[in-house]
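Enquirer: Structure incoming, see below.
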Amino acid sequence: MGNKKILICDDEEGIRESLKLVLCDHYDLIVVDSGEQALHTLANTKDIGVMLLDIKMPKVNGLDILKETRSKYPHVKIIMVTGYRSVETAAEASRLGASGYVIKPFKSEEILETVDGLFRH
Amino acid sequence: MDYFVISAFLNTVTSAACCGFVLLSSPRSKITRTFSIFTFFVFLWSGFYFLWATSNNQTDALVLGRLINAAALFIPPSFFHFCCHLLNKYKDHSTLIRNVYIFNFLFLPLAFTPLYIDHAGPISMFPYWPFPGKLYFILVLEYATLIGYSLYMLVEEIKSSSGKECRKLKIIFFALAVGFLGGATNFLPSYRIPVIPFGNAFVMMYVLAVAYAIFKYQFMDIKITLKRSLVYTILITLITLFFCLLVYFAEHVIKEIVGYRSFFISIAAIAMIVLTFTPLKNLIQGILEKYLFRGSFVEITEENEMLRRQVTQTERLRSVAILASGMAHEIKNPLTALKTFSEYLPQKMDDKEFLKKFSPIISNEINRIDALVHELLDFARPAPVCLKPVNVHALLDNTLEFLSNDLIKHKIRVTKNYRLDPLLSVELDQNQFKQAFLNILLNSMEAMPGGGELSITTAFSAAPEYIAIKIQDTGTGINPEDLAHIFDPFFSKKDQGTGLGLSITHEIVRNHRGRIFVEGQSGKGTAFIIELPVLSPL
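Here the protein sequences come in this chain order: A and B.
In terms of the working numbering, the first sequence opens at residue 1 and continues consecutively.
In terms of the working numbering, the second sequence opens at residue 122 and continues consecutively.
What follows is the structure, given as structure tokens:
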């Protein structure tokens, strides 16, 4: 996988900064705070390999962004980052094509391992 | 002698029945548990009394006399224990109660020696009355002090209480006076005062009256159980009495005529019991309904008000559970930031950039958790109506926030059409309206099991000085014949619904001088429209 850039999409500043802190030493990061911005960034940036995406966001929720990204940018692997430990939501995310599902509050190794795993493949 | 045999037998049956029924009806309540302990000792006292009254030699009578008084020793502390729980004063007297129980258990071996009951001998109509020893005064002392103090506590509580509580305590006080005075008549022959203890029969009335008082005024939900237990207790008592009289008749009259005891009499008695059981039960049930459980207009109003408060609180707790679940997810975001910060802090302690960036974030996230917890606590705590200017949009958003995960899970899309001035506030009770909105939103979510659209619109109403909030779903809708009943209490078409959510919402809106309407038809979704006055509603 040649694209080493990661797109972080979360409406919460605390989560965005946390993910930046965990990943900034290892990857190039682009950080946005809404689904619309994520889609806009994906349309204008070619080498994004992985997107970390929150599910619960105002206006457009993460599952809708996931669906659209998978159909328009199938090369982008998507990890859902959510506080909702629901089997149904995880199954739905998987059905829509999510490559990973991380529950908040996460450990830094958990994020790194999941992202590294996707890049290795 | 027959009076004492029968009254002791009836006391035994009544106290055993009360002990069992009361305990089974509400085994977790400390009031019912201590009442059962107390009735258990009354049962032991009565049972031994019955056996003593039927004993025909001095040795048996002495042993049974000691057993009667050993059981009697635990009646005052167990009654006091019950009274303390009933009056919510257990903490004040727990040491005293524990010490008296310990003392009585330690004293128990002495209760079977002449120090407690010296001998059994004749007095008045009793051939083997158990006469006290030197330590018998302990029983009298416990009776006088503990029962006296319980009486004093009850009087003090009656003085400071009113309404239903006062009536309950008065019944218990009356029962206490009658029952203990009746039981205490047994002390008289013990001290060679030639008064026959005819008060024994009042013990049964006393146990029944206290049980009645506890249930009628304390546990409305198990009133039916008590009713049934009372019916069967009285029924068994009457049948036993009837059977005893019949056997007495057979022994004393028929035997004199025919020269032997006829087995036919027992068969006839059993046949009569079988034949009269159901009509007698119905008769007793009717009498109890009419005189004991019907209640005055004031009592019924108070009971209804109490039940209304209970169901409202139940529904509120359901909302609390939903909010708590939403909050648990909401709290995970600030926790994530805190967790990452604490994880990196040891290695980035000297990194000024890191500290500068995370310090305000952490402070904000802690405040956010604090606000969430307070919000839930404020919502859960029953509080008087608190009217203050509230931004309806913010309140709707806040309520939706708690449901957001469920909305995503159920594939429900939310569209907001807020047409009111964003700065407009309406005077209302925020917590009550959060519950009102929550009930409608939950109703809408349940109407869209396979997903759908939820549209929330705010605007000025056609009526002047009113705002309108419309919550519309694309769910299963409501049948035309159900529309008129949708806000009726306990009206529910769902398997697990209480039927109270929308009824409570209706009441909340009405209490704010607002109006609520429902529109919709089967298969075409439902719309709830709330209209609220912009000016102070009360």
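In this text, a Cβ means the ideal position worked out from N, Cα and C, and glycines have one as well.
1) Restricting to runs no shorter than 4 residues, where is the alpha helix (DSSP H) found entirely within the segment 560-621 of chain B?
2) Pick from B/LEU260, B/TYR587, B/PHE638: whose alpha carbon is nearest that of B/ILE561?
3) Check each residue of the segment 21-39 of chain A: if its Cβ is closer than 9 Å to any Cβ of chain B, include it; give the result in chain order.
4) Going straight from the alpha carbon of A/ASN113 to that of B/LEU528, what length do you get?
5) For a contact defined as C-beta to C-beta under 8 Å, what are the partners of A/LEU63 on chain B?
6) With a threshold of 8 Å between beta-carbons, can A/ILE55 be considered close to chain B, or not?
7) Could you check the C-alpha separation between B/PRO318 and B/GLY300 for me, to the nearest Å?
8) Tell me whether A/THR89 sits in a helix, a strand or coil according to DSSP, three-state version.
9) Please name the residue or residues paired with B/GLU548 in a DSSP beta bridge.
10) Quick one: which chain B residues come within Cβ less than 9 Å of A/THR69?
11) Could you pull the DSSP bridge partners for B/ILE650 from this structure?
12) Comparing alpha-carbon positions, which option in B/ALA191, B/PRO197, B/TYR312 lies nearest B/ILE268?
13) Roughly how many angstroms separate the alpha carbons of B/SER565 and B/LEU575, rounded to a whole number?
14) Which same chain residues end up closer than 7 Å to B/LEU256 when comparing Cβ atoms and leaving out the 5 residues on each side of it in sequence?
15) Per DSSP, which one or two residues make a beta bridge with A/TYR101?
16) Which partner residues of A/ASP54 appear in the DSSP bridge assignment?
17) Would you mind telling me which residues of chain B sit closer than 7 Å to A/GLY14, beta carbon to beta carbon, in chain order?
18) What separation, rounded to the nearest whole angstrom, lies between the Cα atoms of B/ALA580 and B/LEU545?
19) In the DSSP assignment, find the unbroken alpha helix (DSSP H) run with B/ASN538 in it and report its ends.
20) Could you tell me which of B/ARG534, B/ASN321, B/ILE590 sits nearest to B/THR306, measuring between CA atoms?
21) Step through the CB atoms of chain A and report whether any lies within less than 8 Å of the CB of B/TYR587.
22) Establish whether the CB of A/LYS77 and some CB of chain B are separated by less than 8 Å.
23) Would you mind telling me which residues of chain B sit closer than 7 Å to A/GLY97, beta carbon to beta carbon, in chain order?
24) Whose C-alpha, out of B/ILE127, B/ASN632, B/ARG154, is nearest the C-alpha of B/PHE323?
25) So which residues on chain B does A/TYR84 lean against when the C-beta distance must stay under 7 Å?
26) Do you know offhand how far A/ILE15's Cα is from A/THR45's?
27) Please report the distance separating the alpha-carbon of B/SER199 from that of B/PHE159.
28) Quick check on this structure: which residue in B/ILE533, B/VAL513, B/GLY571 has the alpha carbon closest to the alpha carbon of B/PRO543?
29) Grab the span of the alpha helix (DSSP H) containing A/TYR116 for me, first residue to last.
30) By Cβ distance below 6 Å, which residues in the same chain neighbour B/ASP342 in space, the five residues on each side in sequence not counted?
31) Starting from A/CYS32, follow the beta strand (DSSP E) in both directions and report where the run begins and ends.
32) Should the segment 546-554 of chain B be regarded as contacting the segment 619-633 of chain B, the criterion being three or more beta carbon pairs within less than 8 Å?
33) In the structure shown, what three-state DSSP assignment does B/ILE482 receive?
34) So what does DSSP say about A/LEU7, is it helix, strand or coil?
35) In three-state DSSP terms, what is A/ILE48?
36) Can you pull the chain A neighbours of B/GLU464, defined as C-beta to C-beta under 8 Å?
Expert: This is what the structure gives:
1) 601-604
2) B/PHE638
3) LEU21, VAL22
4) Rather than Asn, the amino acid found at residue 113 of chain A in this sequence is Glu. Rounded to the nearest angstrom, the two C-alpha atoms are 31 Å apart.
5) Per Cβ cutoff of 8 Å: ILE529.
6) It does; some Cβ of chain B falls within 8 Å.
7) 12 Å
8) helix
9) B/PRO510
10) The premise fails here: A/THR69 is roughly 17 Å from chain B at the closest Cβ pair, so nothing lies under 9 Å.
11) Under DSSP, B/ILE650 forms a beta bridge with B/LYS591, B/PHE638.
12) B/PRO197
13) 8 Å
14) LEU231, LEU236, TYR237.
15) A/MET80
16) A/VAL81
17) Residues of chain B with a Cβ closer than 7 Å to the Cβ of A/GLY14 are, in chain order, ASN454, PRO455, THR457, ALA458, ILE482, GLU486.
18) 11 Å
19) Counted as a single uninterrupted DSSP element, the stretch harbouring B/ASN538 is not any alpha helix (DSSP H) but the beta strand (DSSP E) occupying residues 533-539.
20) B/THR306 has its Cα closest to that of B/ASN321, out of B/ARG534, B/ASN321, B/ILE590.
21) no
22) no
23) Simply none; closest approach about 16 Å.
24) B/ILE127
25) HIS450, ASN526
26) 22 Å
27) So the two alpha carbons sit approximately 5 Å from each other.
28) B/VAL513
29) According to the sequence as given, residue 116 of chain A is Asp; it is not Tyr. From DSSP, the alpha helix (DSSP H) with A/ASP116 extends over 108-120.
30) Reliability of the predicted coordinates at B/ASP342 is poor, the pLDDT of 40 falling under 50, and the value obtained from them is presented with this limitation in mind. Counting only Cβ-Cβ distances below 6 Å, and skipping sequence neighbours, we find nothing.
31) Residue identity check: residue 32 of chain A is Val in the sequence provided, not Cys. It spans 28-32 - the beta strand (DSSP E) in which A/VAL32 sits, taken as one unbroken run.
32) Touching, yes.
33) helix
34) strand
35) DSSP places A/ILE48 in strand when its eight states are reduced to three.
36) LYS107, SER108
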